[in-house]
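In this text, residue positions in the sequence shown follow the working numbering: the first is 408, and each later residue adds one.
Have a look at the structure below, then the notes.
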Amino acid sequence: MPHGIVEVALCDAAERRGERAGWKLEDAGMSGLNRRAQKLTMAALMLGGCFAVGCSMPGKWSLAKVEPTAATRDAEFHSLTLQKDGTFYAEANEPGGIKTTSGTYTYEHGVLDLIAHDGERHTYDATFRSNDDLRLARMWQGRRVELKYDRQDAE
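The following block contains the structure:
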């Protein structure tokens with residue numbers, strides 16, 4: 408893929424994620440070059456922290472916190488294992504014991520999409536705070552629920 412196409416895709420993805428986070432790109436009176444520089448800066452800010460510490464999605468993650476706390480019982484998975492080959496394994500606490508599920512996942516443009524073998528799909532906004540801190544968020548019953556997962560395996 409030519410360098411320019413990769414740059415545009417990276418900038419556009421960063422702009423979408425930044426706007427969801429409440430950041431605004433100001434373009435009043437800006438030349439195309441200045442706007443491009445602003446997009447590249449946003450991309451660097453959003454992705455740089457993760458690259459700097461070597462963030463990696465694959466690994467074993469354990470649920471550490473749910474916001475709002477009243478939604479803790481509604482968190483789908485208390486344990487989530489993401490493999491490098493794009494497969495996942497998850498465990499959930501259910502009234503009758505632990506329920507397990509597995510399937511495939513994709514992580515693209517800040518979105519983690521889990522598709523279980525039975526066809527059930529779970530989609531989250533996903534961010535790294537550090538290599539050991541994965542945050543997943545989604546809307547549930549009209550409110551935003553944020554899940555904090557801690558890495559359980561050493562890389």
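Backbone N, C-alpha and C define an ideal beta-carbon position, used for all residues, glycine too.
Exposed or buried, which one is residue i when buried takes at least 16 other CB atoms within 10 Å?
i    : result
G549 : exposed
E501 : exposed
H516 : exposed
H524 : exposed
A589 : An answer regarding residue 589 cannot be provided, because it is not within the stretch 408 to 562 covered by the chain.
V518 : exposed
W547 : exposed
E483 : buried
G503 : exposed
M449 : Any reading at M449 is ruled out, since the residue's pLDDT is 45, under 50, leaving its predicted position unreliable.
Whose C-alpha, out of the options, is nearest the C-alpha of residue i?
i    : options                   : result
Y556 : W547, E515 and T534       : T534
Q559 : E483, A477 and L487       : L487
G510 : D532, L489 and G503       : L489
T530 : P475, L554, D539 and K467 : L554
D520 : V473, G503, K506 and G493 : G493
K491 : L470, T476, E474 and T513 : T513
F495 : R480, E527, A544 and D540 : E527
A499 : W468, M464, T476 and P475 : W468
G466 : K472, P475 and N538       : N538
Return the first residue and the last residue of the beta strand (DSSP E) that residue i is part of.
i    : result
K472 : G466 to E474
F495 : T494 to E501
R480 : Per DSSP, R480 belongs to no beta strand (DSSP E) and is neither H nor E.
D540 : D540 to W547
D557 : R550 to R558
Quick test of your reading: residue i and residue j, contact by CB under 8 Å. State the CB separation rounded to the nearest angstrom.
i    : j    : result
R542 : R551 : So it is not a contact: roughly 12 Å between Cβ atoms.
Exercise for review: Pick out the complete beta strand (DSSP E) segments inside the region 509–538, 3 residues or longer, and give them in chain order.
Suggested key: Along the region 509–538, the beta strand (DSSP E) occurs as fully enclosed runs of 3 or more residues at 518–523 and 528–537, listed in sequence order.
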